[in-house]
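Report on the structure given below.
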Amino acid sequence: MSRRGRRAAVRANSRRGEIVDVRSGAGRMGPALLAAALIGFAITLYLVAERLAGVPLVCGPFGGCDVVQASRYSDVGGVPVAVLGAAGSAILLAAAIGWWRWRDARLLAIVYVGALASVAVVVYFTALELVVIHAVCSWCAAYAIATATLAAVAGLVLRRTR
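Residue numbers (the working numbering): 41 to 202.
Have a look at this one:
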């Protein structure tokens, strides 16, 4: 059966209430899912590299990146928050790539749950930036947007495949 024929069969089966294949959401939403995961991971890698090198961040219009990185909230148990973010982002990216490659719904669920957890953490740190630190890191804001986008796209794909 051709690729197009398999897709049509999967769609026809899903309309009859049968099991839906996760491939149905991959074609349209897969690139967006991968892009959001990759952007989040790239941002965290930049933040880790600059933190470990001790180089000031290129921050953009807000100019608060160095203030945020110098705050007492930039480490958790002696580990830079950027390192923890990079580790989490690496897991999300690996799961997103795995889902794209093998269409395993469990990997997509890992992306969704992990991205939701990341959003919760990002909300906490954004609140700290605004209320306690009184500085906003544009890289952190960009990471928050990428993470929220990842959670939204993963949620949409999960919803379409059920």
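Every residue, glycine too, gets a C-beta built ideally from N, C-alpha and C.
What are the start and end residues of the alpha helix (DSSP H) that includes S178?
Per DSSP, S178 belongs to the alpha helix (DSSP H) from 178-200.
How far does the alpha helix (DSSP H) with I131 in it extend, from its first residue to its last?
Looking at the DSSP string, the run of the alpha helix (DSSP H) that includes I131 is 121-142.
Answer with buried or exposed for V162, where buried requires no fewer than 16 other C-beta atoms within 10 angstroms of its C-beta.
V162 comes out buried.
Compute the Euclidean distance between the alpha carbons of A194 and L92, then round it to the nearest angstrom.
So the alpha carbons of these two residues sit roughly 32 Å apart.
Skipping 5 residues on each side, what residues in its chain have a beta carbon closer than 6 Å to that of P101?
Beyond the five residues adjoining it in sequence on each side, P101 comes within less than 6 Å, by CB distance, of no other residue in the same chain.
Round the Cβ separation of I83 and A192 to the nearest angstrom and send it over; I've been treating them as touching at under 8 Å.
The C-beta distance from I83 to A192 rounds to 17 Å, too long to meet the 8 Å contact threshold.
Should R199 go down as buried or exposed, given a rule of 16 or more other Cβ atoms within 10 Å for buried?
Exposed is the call here.
Contact defined as beta carbons within less than 8 Å: I believe I173 pairs with S129. What is the distance between those atoms, to the nearest angstrom?
Not confirmed; about 22 Å, so no contact.
Please state if the CB of A136 and the CB of L73 are separated by a distance shorter than 7 Å.
Remark: C-beta atoms of L73 and A136 approach each other more closely than 7 Å.
When burial is assigned at 16 or more other CB atoms within 10 Å of the CB, is W139 buried or exposed?
Flag for W139 reads buried.
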